[in-house]
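In this note's numbering, the protein residues as written are 33 to 316. Backbone N, C-alpha and C fix where the C-beta goes; we use that ideal spot for every residue, glycine too. As the structure is a prediction and not an experimental result, all values here were calculated from the model. This report concerns only the one structure given below.
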Ligand code: GRG
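Encoded structure:
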């Protein structure tokens, strides 16, 4: 089994155990949470686990951190799909949460996943053994997920969907909307392991570049060859398909440079290189 499959299956089972209904009166909301949260590639959770592992943390201790980040990912997708946001009927190959459970339940399922994320970390063994690590992770995740991060990015993104945007504005949107959560996924993996600031800063650089490449490639995958119907806030619309490909590869190269720093300090960075190659393969 590849590390991707192994990590994904660990995250999937931990999420399934964490999101279970003990009391019948809220069965419905747990069903909606499970419907949306048990799926996806788990890239962010995998980044958390792998950075934690590289810096010496056992998977058992790191899992709640990965669960937290995947709960936030699931919440953001549920809310993003709502009619008042992107208004998408399909997500992860099936009807979106609000189509399957109604708008009110989808809103609440998203809220419940967001709040549970912080519960997952604060009630973990790691929080008992190393409270300072858990607090650092909660601070990081709540900051990057909130108004200075993902939520702020969503506000700008909604505005950008209505009018033409320049490259600088689009970069800021990506930084907040997409890169922020990917960066916090990596950083909380480092914090779970108690990695020092210098090492975490190389990981952070990798995450930033990975995040930009990820979003540009997502926009490339959404492009159907027609600029007229392409969304105004798409990287391909703003820069053209050729530059989008070039810039994605440039971010991947810079991410590889950050990995080289870690490798030179004796760390095994093969899995992180593999994840960058995975992004390149997605683009083709
Ligand atoms: C706070 C309402 C609210 C939204 C937050 C991040 C975000 C803003 C919305 C998510 C919508 C979106 C398409 C964001 C761009 C990042 C992105 C491409 C997410 C999809 O990530 P994948 O492909 O999804 O990793 P899976 O399903 O594999 O987890």
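Applying the 10 Å Cβ sphere with the 16-neighbour rule, what's the burial state of residue i?
i, result
"residue 116", "exposed"
"residue 65", "buried"
"residue 112", "buried"
"residue 57", "exposed"
"residue 96", "buried"
"residue 85", "buried"
"residue 177", "buried"
"residue 301", "buried"
"residue 39", "buried"
"residue 49", "exposed"
"residue 306", "exposed"
"residue 179", "exposed"
"residue 122", "exposed"
"residue 33", "exposed"
"residue 269", "buried"
"residue 72", "buried"
"residue 237", "buried"
"residue 296", "exposed"
"residue 156", "buried"
"residue 259", "exposed"
"residue 41", "exposed"
"residue 304", "buried"
"residue 310", "exposed"
"residue 136", "exposed"
"residue 292", "exposed"
Would you mind stating whether residue i and residue j have Cβ atoms separated by less than 8 Å?
i, j, result
"residue 153", "residue 166", "yes"
"residue 252", "residue 284", "no"
"residue 110", "residue 142", "yes"
"residue 89", "residue 239", "no"
"residue 266", "residue 254", "yes"
"residue 247", "residue 210", "yes"
"residue 188", "residue 208", "yes"
"residue 158", "residue 93", "yes"
"residue 172", "residue 140", "no"
"residue 145", "residue 69", "yes"
"residue 53", "residue 59", "yes"
"residue 79", "residue 217", "yes"
"residue 175", "residue 271", "no"
"residue 87", "residue 276", "no"
"residue 98", "residue 150", "no"
"residue 315", "residue 249", "yes"
"residue 62", "residue 75", "no"
"residue 128", "residue 120", "yes"
Between residue i and residue j, which are expected to be in contact by the criterion C-beta below 8 Å, what is the C-beta distance as a whole number of angstroms?
i, j, result
"residue 243", "residue 214", "4 Å"
"residue 67", "residue 132", "6 Å"
"residue 91", "residue 235", "Actually they are not in contact, since the Cβ atoms of residue 91 and residue 235 sit about 17 Å apart, beyond 8 Å."
"residue 221", "residue 81", "7 Å"
"residue 245", "residue 287", "7 Å"
"residue 241", "residue 290", "7 Å"
"residue 197", "residue 281", "Residue 197 to residue 281, Cβ: 22 Å. No contact."
Cβ-heavy atom distance between residue i and ligand 3 below 7 Å?
i, result
"residue 112", "By its list of ligands, the structure shown excludes ligand 3, since it contains just ligand 1."
Can you list the alpha helix (DSSP H) stretches of 4 or more residues lying completely in the region 150–187, in chain order?
-> Listed in chain order, the complete alpha helix (DSSP H) runs (minimum 4 residues) inside the region 150–187 are 157–161 and 163–177.
Minimum length 4: unbroken alpha helix (DSSP H) runs contained in the region 65–97 | Segments of the alpha helix (DSSP H) lying fully in the region 65–97: 75–86.
Scan the region 257–313 and note each continuous alpha helix (DSSP H) run of 4 residues or more that stays entirely inside, going in chain order.
-> With a minimum length of 4 residues, the continuous alpha helix (DSSP H) runs that stay inside the region 257–313 are 267–271 and 273–296.
Could you tell me which uninterrupted alpha helix (DSSP H) segments, each at least 4 residues in length, are contained entirely in the region 202–247, listed from first to last along the chain?
-> Runs of the alpha helix (DSSP H) inside the region 202–247: 212–224.
What residue ranges within the region 112–145 form continuous alpha helix (DSSP H) runs of no fewer than 4 residues, ordered along the chain?
-> Fully contained in the region 112–145 are the following alpha helix (DSSP H) runs of length 4 or more, in chain order: 129–133.
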